[in-house]
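So the mapping is simple: this note's numbering equals the position in the sequence shown, first residue as 1, plus 490. Glycine included, C-beta positions come from ideal geometry on N, C-alpha and C. Quick notes on the structure that follows.
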Amino acid sequence: MMYLTIVIKIVVGMLGVLFFLRISGKTQMAQLTPLDSVNAFVLGALVGGVIYSPDISAWQLVFSLGVWTCFNMGIRYLLRFKTLRRLIKGDTVMIVRDGQINLKEFKRNGLEMEQFRTLLRENGIFSMLDVNDVRFETNGQLTVSKKKSKSESFLFVNNGSILQSSLEGSGKTEEWLKSNLSRQGYSDIDELFCVEWTPGRGFYVTQKNENESITEKEINDISN
């Protein structure tokens with residue numbers, strides 16, 4: 491009977507985790523953000539602890555997974571607010587700009603130079619002399635722009651929220667962004683799903699209430 495109970499709990503736990511991933515929109519338990527890391531730890535401890543605990547039934551496991559799923563969806567709703575989003579998920583930071591290390595951000599993220607050089611080597615870069623810009627992503631990875639490389643794109647708006655770190659990285663201001671979007675008929679940034687800008691090419695804009703996107707060929711930035 492005890493072995494049958496364990497089998498039932500394992501099956502229920504597996505189905506519960508799959509349901510959670512389906513609801514949260516995740517396809518794998520990769521630790522992409524601090525929130526994903528917490529989910530991985532909690533789900534692992536929850537399912538693993540219940541399976542081998544004879545005092546907790548499969549129904550209690552279902553209830554626990556249901557509570558955690560509801561709580562998680564509440565957190566994801568709060569991510570719509572810019573301040574809470576940065577607090578919960580973190581934000582991309584520029585740790586190297588024009589070849590110069592931003593020591594404040596470098597130290598704040600707990601990086602050491604040898605560790606940083608290892609990450610650069612993983613990107614195929616073996617000298618700081620080849621580095622132009624480096625972003626430290628929320629998943630702990632680096633996005634590196636080499637010197638004399640093609641212009642990269644910047645995501646300025648994500649689900650109605652302006653990403654200040656992207657504006658700073660591109661050297662643009664919030665006023666510049668709003669002015670360019672307003673001239674193209676986009677006065678309410680809250681209604682925009684995404685706004686991407688590529689130097690020399692212009693904007694790529696998608697509204698929340700539209701299925702079709704407007705390409706960079708149709709919208710160009712007015713000012714530099």
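DSSP state of residue i mapped onto helix, strand, coil
i: I565; result: helix
i: R611; result: helix
i: F596; result: helix
i: D588; result: coil
i: L632; result: strand
i: F571; result: coil
i: I498; result: helix
Beta-carbon proximity list for residue i, same chain, < 7 Å, skipping 5 on both sides
i: N613; result: L632 and V634
i: N648; result: C684
i: L657; result: F646, T663, E664 and L667
Start and end residues, beta strand (DSSP E) containing residue i
i: Q654; result: First-last for Q654: Q654 to S660, but that is the alpha helix (DSSP H), not the beta strand (DSSP E).
i: Q697; result: G692 to Q697
i: R625; result: V621 to F626
Sequence-distant residues of the same chain with beta carbon closer than 6 Å to residue i, five excluded per side
i: R566; result: none
i: K698; result: E681 and F683
i: A548; result: I498, K499 and V502
i: M519; result: Below a pLDDT of 50, predicted positions are generally treated as unreliable, and M519, at 47, falls in that range; the measurement from the model is reported next regardless. Contacts found: A530.
i: S660; result: F644
i: G539; result: none
Nearest-angstrom beta carbon gap, residue j and residue i [assumed within contact, 8 Å]
i: V502; j: V552; result: 6 Å
i: F510; j: L533; result: 7 Å
i: D623; j: M584; result: 7 Å
i: T643; j: W687; result: Per the sequence presented here, residue 643 reads as Ser, with Thr not at that position. The Cβ separation is near 7 Å, so the contact holds.
Sequence-distant residues of its chain with Cβ nearer than 8 Å to residue i (five each side left out)
i: F616; result: L610
i: N599; result: V583, I585 and F626
Residue i: first and last residue of the uninterrupted alpha helix (DSSP H) it sits in
i: E686; result: Where E686 is concerned, there is no enclosing alpha helix (DSSP H), although the beta strand (DSSP E) it sits in stretches over L682 to T688.
i: N649; result: Neither: N649 is in no alpha helix (DSSP H) and is coded neither H nor E.
Quiz prompt | Contiguous alpha helix (DSSP H) assignments of at least 4 residues, all confined to the segment 521-557 | solution = For the segment 521-557, whole alpha helix (DSSP H) runs of length 4 or above, ordered along the chain, are 524-541.
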